[in-house]
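Counting along the sequence shown from 1, when you hit position 2 you're at 340 in this note's numbering, and nothing is skipped either side. Have a look at the structure below before the remarks.
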Amino acid sequence: MKKKELKIPLIKDGTVIDHITAGQAVKVLHILGIPEKTLDSIVSVVMNVKSKIGKKDIVKVENRELKPEEVNKIALIAPKATINIIRDYEVAKKYKVDLPEEIVGIVRCPNPNCISNTREPVESRFRVISKDPIRIKCYYCEREPDNIADNII
Ligand SMILES: Nc1ncnc2c1ncn2[C@@H]1O[C@H](COP(=O)(O)OP(=O)(O)OP(=O)(O)O)[C@@H](O)[C@H]1O
Ligand SMILES: [Mg+2]
Ligand SMILES: [Zn+2]
Numbered sequence: 339m340k341k342k343e344l345k346i347p348l349i350k351d352g353t354v355i356d357h358i359t360a361g362q363a364v365k366v367l368h369i370l371g372i373p374e375k376t377l378d379s380i381v382s383v384v385m386n387v388k389s390k391i392g393k394k395d396i397v398k399v400e401n402r403e404l405k406p407e408e409v410n411k412i413a414l415i416a417p418k419a420t421i422n423i424i425r426d427y428e429v430a431k432k433y434k435v436d437l438p439e440e441i442v443g444i445v446r447c448p449n450p451n452c453i454s455n456t457r458e459p460v461e462s463r464f465r466v467i468s469k470d471p472i473r474i475k476c477y478y479c480e481r482e483p484d485n486i487a488d489n490i491i
């Protein structure tokens, strides 16, 4: 019997998040609220695909056009990600993620005594102080996490 290749079908309408840092796709899904916010969409995830610049992950979300405000947060862990809006099978729009100036509720402050860790209603809040390399500083206690990907809530 011949082995069949598994092919991911093209999507008609939706969003392709390409050039995700290899290994970060699951955290990207978590930050985007997938599957909770996309219960009616088919989502395909491909990890460790070979590309010109080394390995990468790809996420494809059907029937949902992710807006820059929703998707820019993933620049924290996938700074080279490209967003492709697909309409009628074609790439209708393409842009690179751009880190917002503030990151609220995604990264845990490494300081156990920080108000964002000790008082329940206080969400974590970081200011972006450098985009390349990415550096963020806690709005409350000024601590800088040294590994952002490991501190995703
Ligand atoms: N209809 C579609 N369904 C699913 N994935 C698609 C569809 N159209 C494009 N893609 C994917 O979206 C990404 C961007 O497509 P594009 O044709 O712009 O490729 P590209 O020229 O390699 O882009 P880039 O220069 O950003 O790497 C690719 O990963 C491609 O496989
Ligand atoms: Mg390409
Ligand atoms: Zn803090």
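All C-beta atoms, glycine included, are put in the ideal place defined by N, C-alpha and C.
- By the rule of a C-beta closer than 5 Å to any heavy atom of ligand 1, the residues picked out are L348, I349, V354, D356, T420, N422, I424, Y427 and V429.
- Here L377 is exposed. Its C-beta has fewer than 16 other C-beta atoms within 10 Å.
- Counting only the Cα atoms, K345 lies some 35 Å from P438.
- I490 is not a Cβ neighbour of I358, given a cutoff of 8 Å.
- Residue side-chain check: R465 keeps its Cβ at 7 Å or more from all non-hydrogen atoms of ligand 3.
- When the beta-carbon positions are compared, A360 and K394 come within less than 8 Å of each other.
- Here S454 carries a helix assignment [DSSP, helix/strand/coil].
- Cα atoms of I421 and I474: separation of roughly 23 Å, rounded to the nearest angstrom.
- The alpha helix (DSSP H) runs lying completely inside the segment 389-448 and spanning 4 residues or more are 406-409, given in chain order.
- Residues I423 of the same chain have their beta carbon placed closer than 6 Å to that of K431, with the five preceding and five following residues left out of the count.
- Counting the other Cβ atoms within 10 Å of the Cβ of L348 gives fewer than 16, which makes it exposed.
- Ranked by Cα distance from V442, the options F464, C479 and K350 are led by F464.
- At the C-beta level, S468 and C447 stay beyond 8 Å of one another.
- When the alpha-carbon of I372 is set against those of N386, K388 and T353, the nearest one is in T353.
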